[in-house]
Amino acid sequence: MRRLLDHGRQFIKFGLVGIVNSVIDFTVFLILHGALGFGYVAANGGAWLVAASFSFIGNKYWTFRAYDVNSAMQYVRFLIVSCIGLGISTSLLYVLVEFTGTAAPFAKALSIIVVAFWNFYANKLWTFNAAEPVWK
0 MRRLLDHGRQ FIKFGLVGIV NSVIDFTVFL ILHGALGFGY VAANGGAWLV
50 AASFSFIGNK YWTFRAYDVN SAMQYVRFLI VSCIGLGIST SLLYVLVEFT
100 GTAAPFAKAL SIIVVAFWNF YANKLWTFNA AEPVWK
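Laid out in structure tokens, this is it:
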């Protein structure tokens, strides 16, 4: 039971980091695109990179408390997990909208839920798993 509570607590922390991450992503996008005149694609890429970096730091030190592992390799793993999550989200969104006729906002909400679980467990078990050596 204790282990289940620990997983739940970590998942809540992961969600809170995700909420702050979303605010950072949107704010940086607005600054880059609106205030500094970057094109929306470049602004989106820059905002994603800043937000992903914040998310990595928040999850490494607060959610998973993975202090004693090589940060550079963890960051690469984190970005891999995030990119796979983006692929899952985009694929699920496409399938739901194009093949089942699901409304895009509802399909997006479902994809967020699925990807949240993917990101949490992939990062917990692979990115921030202190028991697994980073350099083999």
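Per numbering that gives the first Met the number 0: the sequence shown = residues 0 to 135. Idealized CB from N, CA, C, for every residue including glycine. Quick caveat: nothing in here was measured; it's all calculated off a predicted structure.
Near residue i, which residues of its chain fall below 8 Å by C-beta distance, leaving aside the five closest residues on each side in sequence?
i, result
"Q73", "F55, K59, A65, T126, F127, V133"
"A34", "none"
"L141", "Absent from the structure is residue 141, since the part of the chain shown begins at 0 and ends at 135."
If you compare alpha carbons, which of the options is closest to residue i?
i, options, result
"R76", "V27, S110, N122", "N122"
"V82", "A71, F53, N118", "Note that residue 82 is Cys in the sequence shown, not Val. Considering only alpha carbons, the answer is N118."
"F116", "Q9, R1, S21, G100", "Q9"
"T89", "A71, V27, L109", "L109"
"F13", "G57, I79, A102", "G57"
"V49", "G36, V22, W61, E97", "V22"
"L29", "Y93, G44, S52", "G44"
"F63", "M0, H6, R1", "H6"
"V114", "F98, L85, A103", "L85"
"I111", "N69, L92, A42, V19", "L92"
"Y52", "R2, I79, K107", "Residue identity differs from the one stated: residue 52 is Ser in this sequence, not Tyr. S52 has its Cα closest to that of I79, out of R2, I79, K107."
"V16", "A42, W61, N69", "W61"
Could you check where the alpha helix (DSSP H) with residue i kicks off and where it finishes?
i, result
"A121", "103–121"
"F127", "Where F127 is concerned, there is no enclosing alpha helix (DSSP H), given that its DSSP letter is neither H nor E."
"Y74", "70–99"
If you drop the 5 nearest sequence neighbours on each side, which residues of the same chain put their C-beta closer than 7 Å to that of residue i?
i, result
"Y39", "H32"
"A46", "D24, V27, F28, L31"
Leaving aside the five residues before and after residue i along the sequence, list all residues of the same chain whose C-beta is less than 6 Å from its C-beta, in chain order.
i, result
"M0", "none"
"I18", "none"
* Start-end ranges of the alpha helix (DSSP H) lying completely within the region 18–55, minimum 4 residues -> none
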